[in-house]
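So the number in this note's numbering is just where the residue sits in the sequence shown, counting from 1, plus 8.
Glycine included, each C-beta is placed from N, C-alpha and C at the ideal position.
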Amino acid sequence: MDKLKARDWIATVLVAAVAAAYIAYLVNGDIPFIKDPRGMSATGLILGAAAFFVVRRGDELDRVGKSESALAVASLALGFVALIFAETAAAEWLLAVFMISIAVVWAVELIDHAGLLPGHHPAGAR
Numbered sequence: 009m010d011k012l013k014a015r016d017w018i019a020t021v022l023v024a025a026v027a028a029a030y031i032a033y034l035v036n037g038d039i040p041f042i043k044d045p046r047g048m049s050a051t052g053l054i055l056g057a058a059a060f061f062v063v064r065r066g067d068e069l070d071r072v073g074k075s076e077s078a079l080a081v082a083s084l085a086l087g088f089v090a091l092i093f094a095e096t097a098a099a100e101w102l103l104a105v106f107m108i109s110i111a112v113v114w115a116v117e118l119i120d121h122a123g124l125l126p127g128h129h130p131a132g133a134r
């Protein structure tokens, strides 16, 4: 297993910030700057996108990279759906699915960078 790089740890901190904000939101109902599902969706979109761009920087756009990018686009779409439908009865469920999708994108990227995906060479390990 290869060592994870600084970008992986930075992305981990960003995803942890999303997770901490979401847990605080679930426990308290609102926290500073995040008062409702719309605010939590926006926070997830901003920090999740930042984490993705940090962790993908310098990666090849091979078959695995394209799959990871497609997964990230799906997560982004879920984020916008959660943001758009934040005032509906489904808001909390959409937000939960979006939060899970952020964690999945992050986990797949780290598994890739650790060299655990079959048939793929991690960035710089050729």
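Compare the C-alpha of G24 against each of K74, D67, G52 and L102 and name the closest. Taking the sequence shown and counting its residues from 1, the one referred to as residue 24 is at position 16. Reading off the sequence shown, one finds Ala at residue 24, where the question assumed Gly. Among K74, D67, G52 and L102, the Cα nearest to that of A24 is on G52.
Quick one: measure Cβ to Cβ for L79 and V116, integer angstroms, because I've assumed they're closer than 8 Å. Counted from its first residue, the sequence shown places residue 79 at position 71. Counted from its first residue, the sequence shown places residue 116 at position 108. Confirmed, about 6 Å.
Since I believe W114 is in contact with A59 (beta carbons under 8 Å), could you give me their beta-carbon distance rounded to a whole number of angstroms? Along the sequence shown, read from residue 1 onward, the residue named residue 59 stands at position 51. Along the sequence shown, read from residue 1 onward, the residue named residue 114 stands at position 106. That pair is a contact at about 6 Å.
Whole-number beta carbon distance between F93 and L102, since they are thought to touch under 8 Å: What you label residue 102 is simply residue 94 of the sequence shown in a count that begins at 1. What you label residue 93 is simply residue 85 of the sequence shown in a count that begins at 1. Sure, about 6 Å apart at Cβ, within 8 Å.
Considering only the alpha carbon of each residue, which of E100, E76, L69 and K13 lies closest to I31? Numbered from 1 along the sequence shown, position 23 holds the residue referred to as residue 31. Ranking E100, E76, L69 and K13 by Cα distance to I31 puts E100 first.
Inter-residue Cα distance where the pair is V81 and V21: Position 73 of the sequence shown, counted from the first residue, corresponds to residue 81. Position 13 of the sequence shown, counted from the first residue, corresponds to residue 21. V81 and V21 have their alpha carbons spaced roughly 21 Å apart.
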